[in-house]
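In what follows, a single structure is set out as structure tokens and then discussed.
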Amino acid sequence: MLTIAFAILGGYATYFLAYLPKMGAIRASALSTLLCYAVLFVCFKSDFAELMSAIFFGGSFVGMSTQQRLSWKGIGIASCIFGWLSAMLLPLIEGIGGALGICAFLSVVIVYVSFNLLRLLTVR
Numbered sequence: 716m717l718t719i720a721f722a723i724l725g726g727y728a729t730y731f732l733a734y735l736p737k738m739g740a741i742r743a744s745a746l747s748t749l750l751c752y753a754v755l756f757v758c759f760k761s762d763f764a765e766l767m768s769a770i771f772f773g774g775s776f777v778g779m780s781t782q783q784r785l786s787w788k789g790i791g792i793a794s795c796i797f798g799w800l801s802a803m804l805l806p807l808i809e810g811i812g813g814a815l816g817i818c819a820f821l822s823v824v825i826v827y828v829s830f831n832l833l834r835l836l837t838v839r
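Numbering (the working numbering), first residue to last: 716 to 839.
Following this line, the structure appears as structure tokens:
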């Protein structure tokens with residue numbers, strides 16, 4: 716449950732920060748992740764801070780999606796899926812580079828394809 720909450724926080728923080736003037740998705744992801752890690756490291760043990768900031772960072776990958784791909788509702792749903800996927804898949808693919816990115820990509824694709832299929836089915 717906590718992984719899903721941090722994934723949602725990461726997704727929304729990046730998504731909304733990215734549209735500030737002169738910010739962009741990459742800077743928004745970096746800034747929000749650094750702030751999250753700093754707060755967690757000061758308040759909690761380093762193992763917990765590293766784990767939750769990694770989940771937050773992966774959620775920020777979801778939040779880097781453009782408004783043309785996903786709405787703010789889509790970001791929330793994709794972040795939930797990312798939190799669940801990361802809890803299920805990360806222990807299985809530990810040590811493989813890009814695991815957070817793979818989980819974020821899969822969650823965005825699942826939501827994007829689902830929304831488009833739903834739109835096609837409701838038009839007919």
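Virtual Cβ for every residue (Gly too), placed ideally from N, Cα, C.
Buried or exposed by the 16-neighbour rule on C-beta atoms within 10 Å, applied to residue i
| i | result |
| --- | --- |
| Phe771 | buried |
| Ile790 | buried |
| Ala733 | buried |
| Thr718 | buried |
| Ser761 | exposed |
| Gly774 | buried |
| Ala769 | buried |
Distance between residue j and residue i (C-alpha atoms, nearest Å)
| i | j | result |
| --- | --- | --- |
| Gly726 | Val828 | 19 Å |
| Ser794 | Ala722 | 5 Å |
| Ala728 | Leu835 | 30 Å |
| Met767 | Ile808 | 17 Å |
| Trp787 | Ala720 | 16 Å |
| Thr837 | Phe830 | 11 Å |
| Arg819 | Ala743 | With the sequence shown as reference, residue 819 is identified as Ala, and Arg is not the correct amino acid for it. Each residue's alpha carbon lies about 16 Å from the other. |
| Leu755 | Ala764 | 5 Å |
Boundaries (first-last residue) of the alpha helix (DSSP H) holding residue i
| i | result |
| --- | --- |
| Phe830 | Ala814 to Val838 |
| Ala733 | It is not in any alpha helix (DSSP H) - Ala733 carries neither H nor E in the DSSP assignment. |
Could you tell me which uninterrupted beta strand (DSSP E) segments, each at least 3 residues in length, are contained entirely in the region 768-810, listed from first to last along the chain? none
Whether or not the region 804-818 and the region 741-757 are in contact is what I'm after, with contact meaning three or more pairs of Cβ atoms, one per stretch, closer than 8 Å; do they touch? no
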